[in-house]
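Trainee: Please read through the structure below; I'll follow up with questions.
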Amino acid sequence: MWIVRHGQSAGNVARDAAHAAGHSIIDLPIRDVDVPLSELGQQQARALGHWFANLPEEEKPEVVISSPYVRARQTAQAVCEAGGVTGARRPPIIDERLREREFGIFDRLTGRGIREKYPDLAEHRALLGKFYHRAPGGESWADVILRLRSAVDTISLHHADRRVLIVCHQVVVLCLRYILEEMDEAQILAIDREADVLNCGVCEYDFEPDDASLCVPRLLRYNFAAPLIEEHAPVTAEPDDIMGAR
Numbered sequence: 015m016w017i018v019r020h021g022q023s024a025g026n027v028a029r030d031a032a033h034a035a036g037h038s039i040i041d042l043p044i045r046d047v048d049v050p051l052s053e054l055g056q057q058q059a060r061a062l063g064h065w066f067a068n069l070p071e072e073e074k075p076e077v078v079i080s081s082p083y084v085r086a087r088q089t090a091q092a093v094c095e096a097g098g099v100t101g102a103r104r105p106p107i108i109d110e111r112l113r114e115r116e117f118g119i120f121d122r123l124t125g126r127g128i129r130e131k132y133p134d135l136a137e138h139r140a141l142l143g144k145f146y147h148r149a150p151g152g153e154s155w156a157d158v159i160l161r162l163r164s165a166v167d168t169i170s171l172h173h174a175d176r177r178v179l180i181v182c183h184q185v186v187v188l189c190l191r192y193i194l195e196e197m198d199e200a201q202i203l204a205i206d207r208e209a210d211v212l213n214c215g216v217c218e219y220d221f222e223p224d225d226a227s228l229c230v231p232r233l234l235r236y237n238f239a240a241p242l243i244e245e246h247a248p249v250t251a252e253p254d255d256i257m258g259a260r
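To convert, take the position in the sequence shown, counting from 1, and add 14; that gives the working numbering.
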C-alpha cells in the first residue's frame, strides 16, 4: 500500500502569500474542495506518475483511491495517465472519507486571523491540542481518524489482495499512519513535529503475516521524495497550521 499527499496546491501558494503579507484572511474565494494544483503541483504529480510508471509491472499499484478534492484527484489522475497503474487504465476510485480535515469557521483564516476573530477558541485550541480540538463546524484529528477507520475497513474488504495507492492530504496521511501502526496521540504528534508531509511524498507499507498468521502492515518508507528528485521537481511541504485553504 502506498499513501501519498497531493502535489502543491493553489491554496498552499495563497496561504504563503497571506502569511508573508501579514494578512488575516487567505485570498482564495473558492471552496476548499475545488482548490486545484498549482503549476508546481502539476509538475510534482507528473513526476510521481513517472516514478510509478517505471516500477516493474508486477510492483505497480493495481487500484488508485483518491480524496474527492480537486488537488488530490488531479494528482491521482496524473499517476494513471503516466501509466503508473498496472493493467487497464481504470480511473481513480473516489472516497469522500479520504477528504481533507474540515476547518469549520477557521476556514480561509490565517493563524493571525483566528487569534483576532476568535481569541477564546484559539486559546482553547492551544490548551486542548490539535488532536482533540474541533473548531465549530470543523473536525479534530480524532474525528478524521473515526471516518478513516471505516475507509480502511472498506479497502481491506474489497482490495485485500491487491496493491493499493491512496492519494489524500497531510493530516489524512498522518492519521492513516496512526491507524495502521496502532499509535497513540503522543506518538503521531511527535512524527508530525519532526517534519511536514511532503507534497507527493510517498509513504509505503508492506503486509506480511506475523506469528499468528495475521497480515500486519510494515512501514517501508515515509516522506520518500525520490520520485520528485529524480524528475528534478522541487520538493515542497506545508505545515499543519490552524487554518484552512490547504
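Where is the CB? At the ideal position from N, CA and C, for every residue including glycine. What you are looking at is a predicted structure, and each value in this text was computed from that prediction instead of being measured.
(1) Terminal residues of the continuous alpha helix (DSSP H) containing Asn26?
(2) For Val99, does the three-state DSSP call read helix, strand or coil?
(3) Out of curiosity, what's the CA-to-CA distance linking Glu76 and Phe145?
(4) State the DSSP-derived secondary structure class of Glu73, mapped to helix, strand or coil.
(5) By Cβ distance below 8 Å, which residues in the same chain neighbour Pro231 in space, the five residues on each side in sequence not counted?
(6) Please return the same chain residues whose Cβ sits closer than 7 Å to the Cβ of Cys189, not counting the five positions on each side in sequence.
(7) For Pro150 and Glu244, I'd like the C-alpha separation in whole angstroms.
(8) Looking at the secondary structure, which residues open and close the alpha helix (DSSP H) in which Asp134 lies?
(9) Is Val49 closer than 7 Å to Ala32 when the C-beta atoms are compared?
(10) Within a Cβ cutoff of 6 Å, which residues of the same chain sit near Ile107, ignoring the five residues on either side of it in sequence?
(11) Going by DSSP in three states, Arg235 sits in which element: helix, strand or coil?
(12) So for Pro105, helix, strand or coil by DSSP?
(13) If you count every other CB in all the chains shown that lies within 10 Å of the CB of Glu153, and 16 or more means buried, which is it?
(14) Out of Asn213, Asn237, Ala34, state which residue places its alpha-carbon closest to the alpha-carbon of Gln56.
Mentor: Taking the definition as stated:
(1) 24 to 35
(2) coil
(3) 33 Å
(4) helix
(5) Met15, Leu194, Glu195, Tyr219, Asp220, Phe221
(6) Trp155, Val158, Ile159, Leu162
(7) 43 Å
(8) 133 to 142
(9) no
(10) Ile79
(11) strand
(12) coil
(13) buried
(14) Asn213
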